[in-house]
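**Student:** Structure in structure tokens, see below.
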Amino acid sequence: MTHRPYTPWLFLLPGLAVCLMFVIFPFLNMIVLAFTDASALGGGRFTGVDNFVRMAQDPKFWVAARNSLLYLAGVVPPLVLLPLLIAMLAQKVVPGIGIFRTAFFTPVIASAVVVGLIWTWLLDSRGLVNNVVEALGGTRIPFLTDSTLLLISSMLVTIWRGLGYYMVIYLAALANVPKDLHEAAMVDGAGPIRRFWSVTVPSLRPTMVLIAALSAVNGFRVFSEIYLLSGGSGGPGGASTTLVMLIQSVGRGLTGEVGYASALSLVLFVILLGLLLITLKLNRREDQL
Amino acid sequence: MKRRTFLAGLAAVPVAGCGLSGTSSTSSAGNGQVTGEITFQTWSLKPKYTDYVNGVIDAFQKQHAGTTVKWVDQPADGYLAKVMADASAGSLPDVINVPPDLSFPLAKAGQLVNLDESLKDARSEYLGNAWQAFEIPGKGGCYGFPWYLNTGPIFYNKALFRQAGLDPDKPPTNFKELEEQALKLAEKKIAMLGQTPSIADFGLYGVKLFENDKFTFNEPKGVEFVQTYKRMYDAGALIPEALTQNYTGAGAKFMAQQTALSPGSAYDLGKFKTDAPSLYANIGITKPITNTGSANMFLHGVSVPKSSKNQATALAFGRFVTNAENQVKFAKLASIFPSTSKGGDDPYFTTEDGTDEARVRVAAAKQLKTAVNYTPVQFSDQMREALLQQLADAMLGKKSAKQALDDAVNECNRLLK
């Protein structure tokens, strides 16, 4: 079968057009705007690296960058490990397991806003959790009004939301772990813990790297959890603001500083790209070992 | 955020009638012929006010043969984003519903028609304070027809007052009494307030907010005001969420009876009745707490972008929608008030019928005659956030009141440029 050389492009055209219009063009535009003082109402002069100099001197940027990194550190390890443990439990074929699998997956499909509101009500100073704490004789815990606790509460919500999604990925990967490896290990006298570390974990390593990369990117880009739990304020004094929240706060509205917000977005992009490259490199190096 | 609540309120009040007739004439439209098609964009008026707005449009079209008004209603969520996208693309609708703080950046960017130039005789048809709200301070020019207004009383929870041993019939009338009573409530572990002061609260306290093209609320009176709040915060008279939440959040806490006092509007009373009957049974209504004698006012308007290809028709329609007759009819459907100089004398706004609703309405209408839109039009969302964050630092003791206000003012002035 022969075809004209441009025929494949005709099939690709609709997808490419959408990608160009809604991904490539805004991305290139963001890079250009990062070097201007553009506002929401257009205009903007070329200002060189002024936005980046301002960023380096902006305490809000450093607070947001620190919080995003903390988020990364707080969210990635549990999201790599916990879904694996849940997947191993959910993998078992026992009556009613479907209910557990559904229960773990429900937060994934729930709207971020709904999830945020539910947790806000739970963790509010007069919320369910604090009422229980008080009823048990404790003092109310400022989950949403202390900047550190707010960050930790948001991390817990992110972990809770992500468990089901990564569990499904692990379930698929676990199904591909050769049974004969486990059987051989059992014959050799390996117990369940030894088999987990020596058979399951090495077999799942590529999946774990993938999940680490995905959860790192999602964790670094966190917005809705912290936005909703803090009522859009970024915590008392904005001390729990993350990078994406800062971008939204700087660039929103008719008075938004689009140039500076673009510069922040560019920095976020470079950091995320760096994170992905490091993950890929680590994975490749381990493959070679 | 006050804007959103105000509109949410408006959107929630049921429509009671429809069908209108207009009275304004073709000559009122400035230069050019009143004909052709225009687009009118409103903020969250569908479906509650569909009949009303269609009635106004029909009446206008009947009065001006050859005109067609296409009505587009945008939901409150994303309204700002829509205006921003249209403004950036230079394709704003011909007549657009905007509050003063949204009209200001558009006017500053030269995108709106100056009504003082295009319709020199229009000013006298509106309340002076409402017209001024759409002016660019210091530079003159009015960039929006004032539309509906609102102001409100202070609501307080009599049951919580009683619980703290306070006289439920003697709510605070000034900020000094507010502090005294708040501290007494705090002794019984009851919070008086649900939020730190907004910029309008500084205005009500008598602080000079803006002078000579600069924000000035870090003046000594402003510092004194923040120190008052700090004392109340330390005593537990503000709920912990006060450091992060806005007007809407604070209103919800009052509804949940977690705070004893909250500003509100005539609309809120209806909301208490249906959504919080146990609060409604104990609700106290009093005058706004102000040191200046003037209450705070919220308002909306309609502006005409310069990019409109049919400016004469757009201006005529903007004036028609906001004329006294149409505004009074609108005000009777929703818990709002007309911004025209003549509308306020309608008996609906001056006569009580024994109900709480009428009492609040008449009191608010009286209040509006001297009310001031304290929030400077230059005060953007970013500035509101900066103030909230600095006040949180002051309440937590991370900064002195003076330092927090200095930092807030510096940030606001930087954003002003």
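Here the protein sequences line up with chains L and A, keeping their order.
Position in the first sequence (from 1) plus 111 gives the number in my numbering.
Position in the second sequence (from 1) plus 917 gives the number in my numbering.
We put the beta carbon where it would ideally sit given N, CA and C, even for glycine.
Is the region 1289-1302 of chain A touching the region 1255-1268 of chain A, taking contact as three or more C-beta pairs under 8 Å?
**Tutor:** Touching, no.
**Student:** Under 8 Å by Cβ, that's how I've got Ser1252 of chain A and Tyr1184 of chain A pegged, so tell me the actual separation to the nearest angstrom.
**Tutor:** The pair is a contact, with the Cβ atoms about 4 Å apart (cut-off 8 Å).
**Student:** I'd like the list of long-range same chain contacts for Met278 of chain L, defined as Cβ closer than 6 Å, with 5 residues on each side in sequence excluded.
**Tutor:** For Met278 of chain L, where only same-chain residues beyond five positions count, the Cβ hits under 6 Å are Pro194, Ile197, Ala198, Phe215.
**Student:** Is the number of C-beta pairs between the region 343-357 of chain L and the region 249-266 of chain L that are closer than 8 Å three or more?
**Tutor:** The region 343-357 of chain L vs the region 249-266 of chain L: in contact.
**Student:** Alpha helix (DSSP H) containing Gly330 of chain L: first to last residue?
**Tutor:** Its alpha helix (DSSP H) spans residues 312-331.
**Student:** Among L:Arg363, L:Asp235, L:Arg177, L:Thr213, which one has its Cα closest to the Cα of Ser351 of chain L?
**Tutor:** Of the listed residues, the one whose Cα sits closest to Ser351 of chain L is L:Arg177.
**Student:** Measure from the C-beta of Ser1339 of chain A to each C-beta in chain L and report whether the shortest distance is under 8 Å.
**Tutor:** Within the shown structure, residues of chain A are numbered from 918 to 1334, placing residue 1339 of chain A beyond reach of any answer.
**Student:** Check whether the region 1024-1042 of chain A touches the region 381-396 of chain L, counting contact only when three or more Cβ pairs, one atom from each stretch, lie closer than 8 Å.
**Tutor:** The region 1024-1042 of chain A vs the region 381-396 of chain L: no contact.
**Student:** Where does the unbroken alpha helix (DSSP H) through Gln202 of chain L begin, and where does it stop?
**Tutor:** First-last for Gln202 of chain L: undefined, no H or E at that position.
**Student:** Only counting the same chain, and skipping five residues up and downstream in sequence, which positions put a Cβ closer than 6 Å to that of Asp235 of chain L?
**Tutor:** So no residue of the chain qualifies.
**Student:** Taking Cβ to Cβ, would you say Tyr1065 of chain A is nearer than 8 Å to Thr1113 of chain A?
**Tutor:** No, the pair does not count as a contact, with Cβ atoms beyond the cut-off.
**Student:** On the criterion of 16 or more Cβ atoms from any shown chain inside 10 Å, does Pro188 of chain L qualify as buried, or is it exposed?
**Tutor:** Pro188 of chain L is exposed by the Cβ-count criterion.
**Student:** Considering only residues of the same chain and omitting the five flanking positions on each side of Arg156 of chain L, which have a CB-CB separation below 8 Å?
**Tutor:** Cβ within range, chain order: Thr147, Asp148.
**Student:** In terms of residues, what are the limits of the alpha helix (DSSP H) holding Thr967 of chain A?
**Tutor:** Start and end: 967-980.
**Student:** By Cβ distance, which residues of its chain are closer than 6 Å to Gly185 of chain L, with the 5 residues on each side in sequence left out?
**Tutor:** The residues are Met266.
**Student:** Taking the alpha-carbon positions, what's the Leu1232 of chain A to Tyr338 of chain L distance?
**Tutor:** Each residue's Cα considered, the two are about 40 Å apart.
**Student:** Would you mind stating whether Thr1209 of chain A and Gly1069 of chain A have Cβ atoms separated by less than 8 Å?
**Tutor:** No, these two residues do not count as a Cβ contact at 8 Å.
**Student:** Which residues of chain L have a Cβ atom closer than 9 Å to the Cβ of Val1000 of chain A, listed in chain order?
**Tutor:** Here the neighbours are Leu365.
**Student:** Of all the beta strand (DSSP E) runs that stay within the bounds of the region 999-1060 of chain A, which reach a length of 3 or more residues?
**Tutor:** List check, beta strand (DSSP E) in window: 1012-1015, 1057-1059.
**Student:** Anyone know if the C-beta pair for Gly1218 of chain A and Pro1016 of chain A falls short of 8 Å?
**Tutor:** Their beta carbons are under 8 Å apart, which means Gly1218 of chain A touches Pro1016 of chain A by this criterion.
**Student:** Taking the continuous beta strand (DSSP E) assigned at Thr985 of chain A, which residues delimit it?
**Tutor:** Thr985 of chain A -> beta strand (DSSP E) spans 984-991.
**Student:** Please compile the residues from chain A whose C-beta is within a distance smaller than 7 Å of the C-beta of Ser236 of chain L.
**Tutor:** Under the 7 Å cutoff, chain A gives Ile1156, Pro1157, Glu1158.
**Student:** Pull up the distance between the alpha-carbon of Phe133 of chain L and that of Leu139 of chain L, whole angstroms please.
**Tutor:** Computed Cα separation, rounded: 11 Å.
**Student:** Going residue by residue through the region 1180-1255 of chain A, where are the continuous alpha helix (DSSP H) segments of at least 4 residues, counting only ones entirely within it?
**Tutor:** Entirely contained in the region 1180-1255 of chain A, the alpha helix (DSSP H) runs reaching 4 residues are, in chain order, 1183-1192, 1194-1197, 1228-1238, 1241-1250.
**Student:** Chain L beta carbons: is any one of them nearer than 8 Å to that of Ser1297 of chain A?
**Tutor:** Cβ-Cβ to chain L under 8 Å: yes for Ser1297 of chain A.
**Student:** According to DSSP, simplified to helix, strand and coil, what is Thr943 of chain A?
**Tutor:** Model confidence at Thr943 of chain A stands at a pLDDT of 38, short of 50, so the residue's coordinates are unreliable; what they give is reported in the following sentence. Residue state, collapsed to three classes: helix.
**Student:** Would you mind reading off the limits of the alpha helix (DSSP H) that contains Tyr1265 of chain A?
**Tutor:** Element bounds for Tyr1265 of chain A: 1264-1267.
**Student:** If the cut is a Cβ gap below 7 Å, which residues of chain L does Leu1305 of chain A touch?
**Tutor:** Under the 7 Å cutoff, chain L gives Ser344.
**Student:** Note down the Cα distance separating Pro206 of chain L from Leu274 of chain L, rounded to an integer number of angstroms.
**Tutor:** For Pro206 of chain L and Leu274 of chain L, the distance between alpha carbons rounds to 22 Å.
**Student:** Please check the pair Leu233 of chain L and Val224 of chain L, which I expect to be a contact at CB under 8 Å, by giving their CB distance rounded to whole angstroms.
**Tutor:** In fact, because the Cβ distance is near 15 Å, the residues do not count as touching under 8 Å.
**Student:** Roughly how many angstroms separate the alpha carbons of Ser314 of chain L and Val288 of chain L, rounded to a whole number?
**Tutor:** Roughly 6 Å separates the two Cα atoms.
**Student:** Taking 7 Å as the cut-off, is the C-beta of Pro206 of chain L nearer than that to any heavy atom in the ligand GDP?
**Tutor:** With respect to the ligand GDP, the structure shown offers nothing to examine, as it has no ligands at all.
**Student:** Run the CB neighbour count on Val312 of chain L, radius 10 Å, all protein chains shown included, and call it buried at 16 or more, exposed below.
**Tutor:** Exposed: under 16 other Cβ atoms inside 10 Å.
**Student:** Leu262 of chain L CB to nearest chain A CB: under 8 Å?
**Tutor:** For Leu262 of chain L, the answer is no, since every Cβ of chain A falls outside 8 Å of its Cβ.
**Student:** For Leu255 of chain L, return the contacting residues in chain A, with the cut-off set at a CB-CB distance below 9 Å.
**Tutor:** By Cβ distance, chain A contributes Pro1157, Glu1158, Thr1161.
**Student:** Alpha carbon to alpha carbon, how far is Leu1333 of chain A from Glu368 of chain L?
**Tutor:** Looking at the two C-alpha atoms, the distance is approximately 11 Å.
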